[in-house]
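Asks:
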Amino acid sequence: MFLHFGKNTKGRDIIVGDIHGCFKKLQTVLDERGFNPEFDRLFSVGDLVDRGPDSDLSIDWFSKPWFHAVQGNHEDMAIRWGKPGCMMDAGNYMANGGGWNIANTFDKRAEFSFAFEALPIAIELETDDGLVVIVHAGIPGTSWSKFKNDLSQSVHGPRWMQKNLRELVLWDRSRIENEDRTRIDDVRAVVCGHTPLKQVVVLGNVHHIDTAGWHPSGSGFTLYDAKTLTSI
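Numbers 280 to 511, taken from my numbering, label the letters of the sequence shown in order.
1. Would you mind stating whether D465 and S431 have Cβ atoms separated by less than 9 Å?
2. Based on the DSSP secondary-structure assignment, which residues constitute the bridge partners of D464?
3. In the structure shown, what three-state DSSP assignment does G378 receive?
4. Going along the chain, which unbroken runs of the alpha helix (DSSP H) with 4 or more residues stay wholly within the segment 341–421?
5. Could you spell out where the beta strand (DSSP E) holding S323 opens and where it closes?
6. Taking all protein chains shown into account, do 16 or more other C-beta atoms lie within 10 angstroms of the C-beta of A382, making it buried, or fewer, making it exposed?
7. In angstroms, rounded to a whole number, what distance separates the CA positions of G325 and I400?
8. Within this structure, are the beta carbons of L508 and E403 separated by less than 9 Å?
9. Determine whether the beta carbon atoms of A416 and C471 lie at a separation below 9 Å.
10. Among T461, R467, P419, which has the Cα closest to the Cα of E446?
11. For R435, does the count of other Cβ atoms within 10 angstroms reach 16, so buried, or fall short, so exposed?
12. Three Cβ pairs or more, each shorter than 8 Å: is that satisfied between the segment 472–484 and the segment 335–347?
13. Just to confirm my understanding: we take F395, look at its own chain, exclude 5 residues before and 5 after, and list those with CB closer than 6 Å. What are they?
14. How far does the alpha helix (DSSP H) with I294 in it reach, from first residue to last?
15. In chain order, what residues of the same chain lie with their CB nearer than 6 Å to the CB of F318, ignoring the 5 residues before and after it?
16. Which whole-angstrom value describes the C-beta separation of M366 and W360, a residue pair presumed to lie in contact below a C-beta threshold of 8 Å?
17. Given F426, which residues of its chain have a CB within under 8 Å of its CB, disregarding the five upstream and five downstream residues?
18. Look at the Cβ atom of D297, then the Cβ atom of P475, and state whether they are nearer than 9 Å.
19. Between which two residues does the beta strand (DSSP E) containing F302 stretch?
20. How close, in whole Å, do the beta carbons of W450 and R330 come, if the pair is a contact with beta carbons under 8 Å?
21. Starting from the Cα of G376, find the closest Cα among V328, F302, G285 and give me that residue.
22. Does the beta-carbon of D292 have 16 or more other beta-carbons within 10 angstroms, so that it is buried, or is it exposed?
23. To the nearest angstrom, how far is the alpha carbon of C301 from that of G497?
24. Cutting at 6 Å between CB atoms, please list the residues of its own chain near G499, excluding the five before and the five after it.
25. Could you tell me which residues DSSP pairs with S510 in its beta bridges?
Written out as structure tokens, the structure reads:
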């Protein structure tokens, strides 16, 4: 459920907002801003697929040794869509950009489902000034250590418990909707996406960086330096 990365001593650790199937556009932005795949690492806050034209490239990006991602709610939908006996509403999935996957064969759907299910829920990055945590939507409560322990313990508890905790991390928007500035303990910062914004919004130590780079009228992809917690 969690991946931990030590400090990048050779280059930069860069975090990008929701990609939503716009990998070719993202690559252009990376090139323009001097991303060096030999030394830099790129971390995604999830929502790799749906809406854009390149969702099928998502698995190809997993083979890049410098690219790492957490699950988003759109990966959650694709995971469920690829399972036998899925009861998810196709019309709702289509409305949320899932047409590319609805058109896939069952075997192809299963391939994406398996690949996305292997992604972690959260990534921890060590920086000179402390731990930066990457999740898709946010962290419930006020303590990273407590939430991490609760999620780990839920593996051995009732299935609904783990499901509820996962859904909060992947789907919840209450912090940004309520402009909640409560800080998350035990971390320097939490970086997330999920809610498209005109510019980066920081509430307490939670940084919301989905500036809708995938949308024609969005503000472009935000590339966020994990060391400085500023946009590149």
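All C-beta atoms in this analysis are idealised placements derived from N, C-alpha and C, irrespective of residue type, glycine included.
Replies: According to the structure shown:
1. no
2. Bridge partners of D464: S422.
3. Collapsing the DSSP output to three states places G378 in a helix.
4. 352–360, 369–374, 378–381, 385–396
5. Secondary structure note for S323: its beta strand (DSSP E) is the uninterrupted segment 320–323.
6. Exposed.
7. 9 Å
8. no
9. yes
10. P419
11. One point to set straight first is that residue 435 is His, not Arg, in the sequence displayed. Exposed is the call here.
12. no
13. So the list reads E354, A357, I358, once near-sequence residues are dropped.
14. That residue, I294, is in no alpha helix (DSSP H); its beta strand (DSSP E) goes 292–295.
15. K289, G290
16. The Cβ separation is near 10 Å, so there is no contact.
17. I418, P419, G420, L444
18. yes
19. From DSSP, F302 is part of no beta strand (DSSP E) but of the alpha helix (DSSP H) over 302–311.
20. Actually they do not touch by this definition, with Cβ atoms about 17 Å apart.
21. Checked all of V328, F302, G285; the closest Cα to G376 is V328.
22. buried
23. 13 Å
24. G492
25. Y503
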